[in-house]
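Peer 1: What the sequence shown shows, in our numbering, is residues 113 to 403, in sequence order.
All C-beta atoms, glycine included, are put in the ideal place defined by N, C-alpha and C.
If you're wondering where the values come from, they're calculated on a predicted model, not measured in any experiment.
I am attaching a structure below and will ask some questions about it afterwards.
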Amino acid sequence: MENIQNGNNDSNDNQDDDDDDDYIRTEALTEKFASTMMEIPWDNMDADDEVPARNLVFLDTPGYGSVVDARTNFDLFMSYVSQTFEEKNRKISPFIEVSNNELMRSLVTGVGAHRFIDVCFYMILHRLKPTDVEYMRLISEKANVVPIIAKVDTQSEKEVQELKVHILKTLKEQGVPIYTFRIDYERLIHMAETGVAGGPPFAVSNVPPKPVSDDPADQILFKHGENELPLLRKLVLETQITNIRQFTVKKFINWRGKQPQQQQQQQQQPFYQQQIPFQQQQHQYQQQVIR
């Protein structure tokens with residue numbers, strides 16, 4: 113099962129006053145399931161009809177601008193990601209030596225091997241903030257971060273191009289290891305400067321393009337940035353999916369190698385004895401928002 117996180121900074125000063133009426137702020141971590149294939153129900157192997165596999169999980173997260181303390185939402189998400197690593201690590205027996213190659217072969221699979229976050233889409237609206245850089249740095253330790261420029265229908269083509277270059281140069285200078293789709297930073301920067309699509313940060317919009325009018329009076333000089341959502345969808349779900357999963361498992365292996373031996377043995381205890389359950393953290397967050 114591929115787990116995809118859709119995060120955004122959602123900063124208050126980044127929100128336009130004239131946002132669409134149907135915009136709904138995400139107030140809690142929400143799992144949304146989708147399917148890219150069909151399968152026979154596991155509990156009824158004699159069934160003739162296939163059902164959606166629900167092999168994709170989209171984790172929608174609240175942005176850091178929805179609460180007073182920006183760390184509240186971020187810590188909630190990082191706790192979710194960390195628990196997926198700890199959950200898998202507890203299932204690996206400490207009494208059997210498992211090589212990294214064996215872990216890689218067993219965990220890089222289509223569905224069912226783990227609940228890791230394979231891709232984190234980090235939404236950036238109009239400008240990149242220092243907080244965004246640090247959050248992407250921390251997330252990249254446990255998930256593949258793909259920066260996204262949102263609402264490009266509200267920005268000119270030149271503004272989007274300049275923002276792309278700025279994001280890439282800043283992340284490169286700060287040493288933030290985003291998922292580059294096997295393209296080095298220098299080439300990504302050159303692509304952004306020359307207006308060539310194909311790599312992050314991807315410019316996206318959910319606003320359908322308006323039909324072209326033949327009336328010259330209806331023509332406007334403003335040309336918004338090109339929507340790269342179809343390209344992003346193809347890269348993540350088709351051409352790059354195996355490589356993305358490999359990078360995810362490598363992050364888990366690196367994390368596991370840094371855990372002290374006694375901590376790994378402690379993680380064999382029942383999960384409820386080790387830390388606050390994620391559901392309880394979610395409840396505490398919601399109580400804080402209400403207050």
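Please list, in chain order, all residues of the same chain as Ala315 whose beta carbon is under 6 Å from its beta carbon, the five residues on each side excluded.
Peer 2: Ile261, Val264, Val272, Gly337 and Glu340
Peer 1: Roughly how many angstroms lie between the CA atoms of Tyr176 and Arg183, to the nearest whole one?
Peer 2: 7 Å
Peer 1: From which residue to which residue does the alpha helix (DSSP H) around Glu143 run?
Peer 2: Glu143 -> not in any alpha helix (DSSP H); beta strand (DSSP E) instead, spanning Thr142 to Ala146.
Peer 1: Give, in chain order, every unbroken run of the alpha helix (DSSP H) that is at least 4 residues long and sits entirely within the segment 216-302.
Peer 2: 242-251 and 269-285
Peer 1: Between the Cα of Asn366 and those of Ser205, Leu347, Tyr234 and Asn201, spot the shortest distance and give me the residue it belongs to.
Peer 2: Asn201
Peer 1: Around the C-beta of Gly311, are 16 or more other C-beta atoms found within 10 angstroms, so that it is buried, or is it exposed?
Peer 2: buried
Peer 1: For Ile301 and Val288, what's the separation of their Cα atoms in angstroms?
Peer 2: 14 Å
Peer 1: If we count the other Cβ atoms within 10 Å of its Cβ and call it buried at 16 or more, is Arg345 buried or exposed?
Peer 2: Exposed, by the Cβ-count rule.
Peer 1: Determine contact between the segment 234-248 and the segment 208-218, defined as no fewer than three beta-carbon pairs at a distance below 8 Å.
Peer 2: no
Peer 1: Taking its Cβ as the centre, do 16 or more other Cβ atoms sit within 10 Å of Ala304, making it buried, or is it exposed?
Peer 2: buried
Peer 1: Restricting to Cα atoms, I'd like to know which of Arg249, Cys232, Ser191 and Glu198 is closest to Val169.
Peer 2: Cys232
Peer 1: Suppose the cutoff is 7 Å on Cβ atoms and the five residues either side in sequence are ignored; what does the same chain contact list for Tyr297 look like?
Peer 2: Leu280 and Lys284
Peer 1: For Val348, collect the residues of the same chain with a Cβ closer than 8 Å to its Cβ; drop the 5 residues on either side in sequence, then sort them by chain order.
Peer 2: If you ignore the 5 residues before and after Val348, its C-beta comes within less than 8 Å of the C-beta of Ile116, Val231, Val258 and Ile356, all in its own chain and listed in chain order.
Peer 1: Considering only residues of the same chain and omitting the five flanking positions on each side of Gln358, which have a CB-CB separation below 6 Å?
Peer 2: Val220
Peer 1: Is the distance from the Cβ of Pro313 to the Cβ of Ile236 below 8 Å?
Peer 2: yes
Peer 1: In terms of residue numbering, what span does the alpha helix (DSSP H) encompassing Val361 cover?
Peer 2: Ile353 to Gly369
Peer 1: What separation, rounded to the nearest whole angstrom, lies between the Cα atoms of Ile353 and Thr360?
Peer 2: 11 Å
Peer 1: Going by Cα to Cα distance, which pick from Arg368, Leu250, Phe293 and Val308 is closest to Met190?
Peer 2: Leu250
Peer 1: Around the Cβ of Ile208, are there at least 16 other Cβ atoms within 10 angstroms (buried) or fewer (exposed)?
Peer 2: exposed
Peer 1: Start and end of the alpha helix (DSSP H) containing Val193?
Peer 2: Its alpha helix (DSSP H) spans residues Ala182 to Arg202.
Peer 1: Please classify Pro342: does DSSP put it in a helix, a strand, or coil?
Peer 2: helix
Peer 1: What residues match up with Met150 in a beta bridge as DSSP calls it?
Peer 2: Pro164
Peer 1: On the CB-based measure, 16 or more other CB atoms within 10 Å of its CB, does Ile290 come out buried or exposed?
Peer 2: The residue is buried, with at least 16 neighbouring Cβ atoms inside 10 Å.
Peer 1: Skipping 5 residues on each side, what residues in its chain have a beta carbon closer than 7 Å to that of Glu162?
Peer 2: Met150, Glu151 and Ile152
Peer 1: Please list, in chain order, all residues of the same chain as Lys144 whose beta carbon is under 6 Å from its beta carbon, the five residues on each side excluded.
Peer 2: Phe170
Peer 1: Tell me, which residues are paired with Phe207 by DSSP?
Peer 2: According to DSSP, which records beta bridges pairwise, Phe207 is partnered with nothing at all.
Peer 1: When the Cα of Ser252 is compared with those of Ala140, Lys363 and Arg368, which residue comes out closest?
Peer 2: Lys363
Peer 1: Closest to Leu275 by CA distance: which of Arg239, Val308, Ile295 and Ser205 is it?
Peer 2: Arg239
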